[in-house]
Amino acid sequence: MKANTRITISCTDRVGLVSDISGLLFDIGANLGPTSFGLDGNTAKFETSCELPDDCPPSECAAGLAELSLENADISVEAIAAAPELVGAPGATHLIECSGIDQPGLIARLSEIFIEYNANIVRMAASATDEKDARIYTTRFAVAIPAERASNCLATLANTAGSMRLLFKFDEL
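Going letter by letter, the sequence shown gives residues 1 to 173 in full-length UniProt numbering.
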C-alpha cells in the first residue's frame, strides 16, 4: 500500500464511532494502513494513514466524514507524499537497499559505515510498511564509493545488515 492521505479525527466518544468512520472509509474505497483509536476522557481520537482512490480527493473524504454524526469534531484529511522511489542519482556508483524489522538507530548505524570507506551518500529514501505483525523499514542509498574501497565497504554493509537481521542488496551503476 502506498499511503497518500493522513486522516485525524478528534470528537466526543460514542458507541459505534469506529464502525461509522471505518465504514465510511470503506464505502469510498479507502485502503487503511496504520490506524489507531484511543480515548482521553470523553474525547475519542481516530488516526490513519491510508490510500484514497484516485476519484476521491481529500476534500471529498473530509466532506463525507463531516456528514457523520460526530459531536465536537475536529477532522483533518491531508494529502501526504508517498515514500520516494530511489532508482539512481547523478554521481552515485552504487544503489544499496536494506530492509527488515524497524529498529532504533537503523539509518545512523548503516550510514556510519560510509564514513569509514570515504563513501558519500548522494541520495537516500526510507519508508516503512506494516506487514503481518511487524513494521518493515526499507532504506535505499545512492552512494558514491571510491572504486578501490567498494568491495570492502559493501562487505561491511552486508555483515552489518546481517547482524541486524536485514535483507541487503546492491546494484553497481
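Yeah, the Cβ is synthetic: ideal placement off N, Cα and C, and Gly gets one too.
Under a three-way DSSP split, which group does residue i fall into?
i	result
residue 60	helix
residue 52	coil
residue 109	helix
residue 194	Outside the shown range of the chain, which is 1 to 173, sits residue 194, and nothing can be said about it.
residue 163	helix
residue 185	For residue 185 there is no data in the structure shown, the boundaries of the chain being 1 and 173.
residue 32	strand
Pick out whichever of the options has its Cα sitting closest to the Cα of residue i.
i	options	result
residue 262	104, 57, 164, 14	It is not possible to answer for residue 262, since the shown part of the chain is limited to 1 through 173.
residue 70	129, 10, 80	10
residue 18	125, 37, 89, 53	37
residue 31	16, 4, 20	4
residue 80	53, 59, 49	49
residue 106	72, 125, 91, 89	125
residue 129	28, 22, 23, 35	35
In terms of DSSP beta bridges, what is residue i paired with?
i	result
residue 46	9, 37
residue 124	141
residue 168	98
Apart from the five residues on each side of it in sequence, which residues of its chain come closer than 6 angstroms, Cβ to Cβ, to residue i?
i	result
residue 101	134
Give every residue of the same chain whose Cβ lies closer than 7 angstroms to the Cβ of residue i, excluding the five residues on either side of it in the sequence, and list them in chain order.
i	result
residue 39	13
residue 66	75
residue 121	111, 114, 141, 143
The alpha helix (DSSP H) with residue i in it runs from where to where?
i	result
residue 133	That residue, residue 133, is in no alpha helix (DSSP H); it is neither H nor E in DSSP.
Which residue marks the beginning of the beta strand (DSSP E) containing residue i, and which one marks its end?
i	result
residue 28	Careful: residue 28 lies outside any beta strand (DSSP E) and carries neither H nor E.
residue 79	74-79
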